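A short worksheet on the structure shown next.
There are 2 protein chains.
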Amino acid sequence: MNKYKLTLAYDGSQYGGWQIQHNSLSIQSLVENALSTALRTKTSATASGRTDAGVHATGQIVHFTTTTPIDIVRLAHSLNGLLPRDIRVLDVTEVSLDFHARYSAISKEYHYHLSFVKNPFKHLFAWRIHTPLDLIAMQAATHHFIGTHDFATFTNAGGSQKETTRTLFRLTLEPEDEGVRLEFVGNGFLYKMVRNITGTLLAVGQKKLIPSDIPQLLHAQDRRKAPAAAPPHGLFLVKVCYNIE
Amino acid sequence: MNKYKLTLAYDGSQYGGWQIQHNSLSIQSLVENALSTALRTKTSATASGRTDAGVHATGQIVHFTTTTPIDIVRLAHSLNGLLPRDIRVLDVTEVSLDFHARYSAISKEYHYHLSFVKNPFKHLFAWRIHTPLDLIAMQAATHHFIGTHDFATFTNAGGSQKETTRTLFRLTLEPEDEGVRLEFVGNGFLYKMVRNITGTLLAVGQKKLIPSDIPQLLHAQDRRKAPAAAPPHGLFLVKVCYNIE
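This is the structure we're talking about:
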């Protein structure tokens, strides 16, 4: 038996998220079907983490095991032939049997895009903001999130994680073409954590909160104290890092 | 009665093109419905030219006339509220009554995107090329198209134009992020002319033709002599120029 790691990019707009669900088409089911067809045997795929409906990925990592002998270049071509065009396999690499897409990850990077411009090509890939934003205040607020904190205020029921302490290594606000991008790098993220923090940073940008409100919000450990989550379509899973690389 | 000019951007992926048709949803019908609702009277919209199904625009120009008094800033907001998110009104300007979106145009600019990379976010916005391309040969071939020529070889039946001579002011090959972009600027374009020229330039890039074959192809005035058209989804109508500006 051998184990392989896939790097995937996908436009999540048309799907019900990574995870197999009964009422919508999941990226996982399409990837597992493609793998099962290409390898001629039922194959499951485990991702570094689920992405919600409408969330995109440019560097999702998935592992699978198989006893079928594999030519990794040919497999990438076959999978891309079998998958819809909005899901692409960027890379196939053999990994050791103790590799796990989720448990071996040492850090993950997410980007959240806010757009200030009406652009019909971006409406599924950035959150369109119609109000002026105080970017200096948002930048100041990001510092309160960096480091090791209990992020219970910034997660929603529905996550599998009981322990809500995480370390955010980096959270920066980067100007981009038609808006700004929030870059999150951390050792792990709770369910909806990036979207919840983004919603709160937006409230700071709109002067509904001030940066020094953040420590109290973190301390409260109560989701209801913080503003609403940002919508899924501005969010991209960009990179997952492992010790093996 | 007053006349107004709209600048529109749209992602053409979901539509049957600009022009109203019986079997598919057209951008024209959505724009006319939005105008008719906003102005409270049935209003028609005339574009600088039709775009085919799957073709995009970042600067389509449309005119309409109305007797309803208009606040142009408010109208842009209303139209964007009424239109789907993949069609945006970028600008509304009052123009003189003798302005015509199509007949007053002095030049148009189209871009055609070729992509060399598998990118699930570009599959509806660039033609994915899987073969190596001789970009030097393609660049050389572009020079044969520039200037005033009878472009009959590079148009398809279905266009309304009988006279097939046009002037191409500029045709350049520009490197971009994950591929190259062909930029066409001309005094007018025949039906499918940009896509047909792009298909022929691709054949040059793939060494199925050489640059010096182009003059003969132009001379033949026969669509069947030239390679197949490029698909619609790589094409963008970028700009329409008028004397009034």
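In order, the protein sequences belong to chains A and B. Counting along the first sequence from 1, when you hit position 240 you're at 240 in my numbering, and nothing is skipped either side. Plus 1000 on top of the position in the second sequence (first one is 1) and you've got my numbering. Glycine included, C-beta positions come from ideal geometry on N, C-alpha and C. Given the structure is predicted, the values throughout are model-derived calculations rather than measurements.
Can you give me the Cβ contacts of residue i inside the same chain, cut-off strictly under 6 Å, excluding the 5 residues immediately before and after it?
i	result
A:Ala76	Val89, Val92
A:Arg170	Val185
B:Ala1152	Thr1164, Gln1221
A:Thr131	Gln206
A:Lys122	Ser115
A:Cys241	Ile106, Ser107
A:Arg74	none
B:Ser1078	Ala1038
B:Arg1166	Phe1151, Gly1186, Gly1188
Could you check if residue i is buried or exposed, using at least 16 other CB atoms within 10 Å of its CB as the buried criterion?
i	result
B:Asp1011	buried
A:Asn23	exposed
B:Met1001	exposed
A:Ser48	buried
B:Ala1220	exposed
B:Lys1208	exposed
A:Ala228	exposed
B:Thr1148	exposed
A:Asp222	exposed
B:Pro1232	buried
B:Thr1068	exposed
A:Asp177	exposed
B:Lys1192	buried
B:Ile1087	buried
A:Arg50	buried
So what's residue i in DSSP terms, helix, strand or just coil?
i	result
B:Lys1225	helix
B:His1123	coil
A:Asn2	strand
B:Thr1164	coil
A:Ile106	strand
A:Ala45	coil
A:Pro232	helix
B:Gln1139	helix
A:His113	strand
B:Gln980	Residue 980 of chain B is absent from the model: chain B starts at 1001 and stops at 1245.
A:His63	strand
A:Ile146	coil
A:Leu182	strand
A:Ala220	helix
A:His77	helix
A:Ile87	strand
B:Leu1039	helix
A:Ala53	coil
A:Phe189	coil
Skipping 5 residues on each side, what residues in its chain have a beta carbon closer than 7 Å to that of residue i?
i	result
A:Phe236	His56, Ala57, Thr58, Tyr110, His111
A:Lys42	Ser36
B:Ala1230	Tyr1112, Trp1127, Arg1195, Thr1198, Gly1199, Leu1202
B:Ser1026	Tyr1015, Gly1016, Gly1017, Trp1018, Gln1019, Ile1020
A:Gln139	Leu173
B:Leu1168	Phe1145, Ile1146, Gly1147, Phe1184, Gly1186
A:Ala45	Gln28, Val31, Glu32, Leu35, Val62, Phe64
B:Leu1133	Gly1205, Gln1206
Determine whether the Cβ of residue i lies closer than 8 Å to any Cβ atom of chain B.
i	result
A:Tyr112	no
A:Ile129	no
A:His233	no
A:Pro120	yes
Please confirm if residue i has its CB atom under 8 Å from at least one CB of chain A.
i	result
B:Leu1079	no
B:Asp1011	yes
B:Arg1166	no
B:Leu1090	yes
B:Arg1085	yes
B:Lys1192	no
B:His1123	yes
Would the beta-carbon of residue i fall within 8 Å of that of residue j?
i	j	result
B:Val1095	B:Val1062	no
A:Lys118	B:Asn1156	no
B:Tyr1004	B:Ile1106	no
A:Gly54	A:Ser104	no
A:Gly205	A:Leu135	yes
A:Ala9	B:Pro1175	no
A:Leu83	A:Thr66	no
A:Gly234	A:Lys108	no
B:Leu1218	B:Asp1150	yes
B:Ala1141	B:Pro1211	yes
B:Leu1190	B:Phe1154	yes
At a threshold of 7 Å, does residue i count as lining the ligand FAD (C-beta to nearest heavy atom)?
i	result
B:Gly1147	No copy of the ligand FAD occurs in the structure displayed, which carries no ligand at all.
Got a sec: is the Cβ-Cβ distance from residue i to anything in chain D below 8 Å?
i	result
B:Pro1232	Among the protein chains of the structure shown, namely A and B, there is no chain D.
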